[in-house]
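Q: In this note's numbering, the protein residues as written are 153 to 282. C-beta atoms are modelled at their ideal positions from N, C-alpha and C, and glycine is treated no differently. Quick caveat: nothing in here was measured; it's all calculated off a predicted structure.
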């Protein structure tokens, strides 16, 4: 089941915008042109619509990276990658277990994943902590 269909219209539009920006980031990264990537970053900043919940930057390998997750979602994804349960994550972050579940569901929806294993693999590849 596609979890994004359960979201309000404005959130579905934001997810669609994030998906478009991810595709554009991949195109820019494939060109390996930093000037093009810099212009793309400026366009993302100008949009402003996704800046509160996403980041765009040059990654560790020098490639352009667009990350659709909020800082808290990235933190939760990293803890999922370390094998922590929702209860353990909640204790570590001093938030409710239900809040952690909401973050995990948001991560799954934004990344188009169906499992915590996919989140863990994504975190290892995309987060600086790994």
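Between residue 262 and the rest of its own chain, which residues show a CB-CB distance below 8 Å, the 5 nearest in sequence each way excluded?
A: The answer, listed in chain order, is 167, 170, 220, 221, 225.
Q: Please return the same chain residues whose Cβ sits closer than 8 Å to the Cβ of residue 279, not counting the five positions on each side in sequence.
A: Answer for residue 279: 226, 229, 230, 233, listed in chain order.
Q: Residue 203 by DSSP, collapsed to three states: which one?
A: At residue 203, the pLDDT of 44 sits below 50, so the modelled position is not reliable and the matter cannot be decided from this model.
Q: Leaving out five residues before and five after residue 275 in sequence, what residues of the same chain have Cβ atoms less than 6 Å from its Cβ?
A: Only 229, 230, 233 meet the Cβ criterion.
Q: Would residue 252 and residue 241 be called neighbours here (beta carbons separated by less than 8 Å)?
A: For residue 252 and residue 241, yes; Cβs fall inside 8 Å.
Q: State buried or exposed for residue 173, treating a residue as buried only when at least 16 other CB atoms are found within 10 Å of its CB.
A: Residue 173 should be labelled buried.
Q: Can you tell me which of 246, 272, 256 puts its alpha carbon nearest to the alpha carbon of residue 235?
A: Cα-wise, what sits closest to residue 235 is 272.
Q: Only counting the same chain, and skipping five residues up and downstream in sequence, which positions put a Cβ closer than 6 Å to that of residue 237?
A: Nothing meets the Cβ criterion.
Q: Just the Cα atoms here: how many angstroms apart are residue 249 and residue 257?
A: Taking the straight line joining both Cα atoms gives about 12 Å.
Q: Look up residue 271 in the DSSP assignment and say whether it is helix, strand or coil.
A: In the structure shown, residue 271 sits in a helix (DSSP, three-state: H, G or I).
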